[in-house]
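Only one structure is covered here, and it is reproduced in the block below.
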Amino acid sequence: MIRVVLAVALGAALFGIALPSAEHADRDRAAALAIDELERINATAERLAAENDPGERSDAPPATTIVLDPPEPTFADPGRFRIDDDELRWIPASGPNTTVETAVPVRIDAPTIVADRTRLRLSLVRLNGEAVVRARLDRARV
């Protein structure tokens, strides 16, 4: 009986020691996946600007749609993306934020938080005489 109690106590202690390491590894994994997603958006916006001429607001500007897919954590609390003018940010539930500065001017109507898989439409437009990539979210289920 004492052996069983000691085995359970030892198992609980080992689990308590291992869990923080697993959470830390999961946070690092989620951050790496999130940065990859943000870099992919940045590269897509840069490629869109490099390969096309900006359209005026009234015509159909060159555009592409990509799916923004936040990483799903296994141990740690989930994070979210924040998209703002010229800034793509990963905001984890705990730990430091990570920001990717855009290579080309990016504009969005209002700073937006994305916590679920979402379509992001990027279009190259001329705004105030400057070529910018306009970002719009499609909140429809992906």
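For our numbering, add 38 to where a residue sits in the sequence shown, where the first one is 1. The beta-carbon is built from N, C-alpha and C at its ideal position, and this holds for glycine as well. Computed from a prediction, not measured in an experiment: that's the story for all the values here.
Taking just the CA atoms, how far does E61 sit from A47?
21 angstroms
Are the segment 65-77 and the segment 125-140 touching, with three or more C-beta to C-beta distances below 8 angstroms?
As far as the Cβ criterion goes, the segment 65-77 touches the segment 125-140, which means the pair count is three or higher.
Expressed to the nearest angstrom, what Euclidean distance is found between the alpha-carbon atoms of E77 and R157?
16 angstroms
Element boundaries [beta strand (DSSP E), containing V170]
Segment 168-176, the beta strand (DSSP E) holding V170.
Report the rounded CA-to-CA distance for A141 versus V43, giving the unit in angstroms.
59 angstroms
Please determine, among I146, L162, D176, the residue with the shortest C-alpha to C-alpha distance to I121.
I146
Among R85, L86, I79, A101, which residue has its Cα nearest to the Cα of R127?
I79
Whole-angstrom C-beta distance between V171 and A83, which should lie under 8 angstroms:
Contact flag correct, Cβ pair sits at about 4 angstroms.
Could you give the first and the last residue of the continuous beta strand (DSSP E) run that contains E125?
125-129
Work out the CA separation of P143 and R85 for me, nearest whole Å.
12 angstroms
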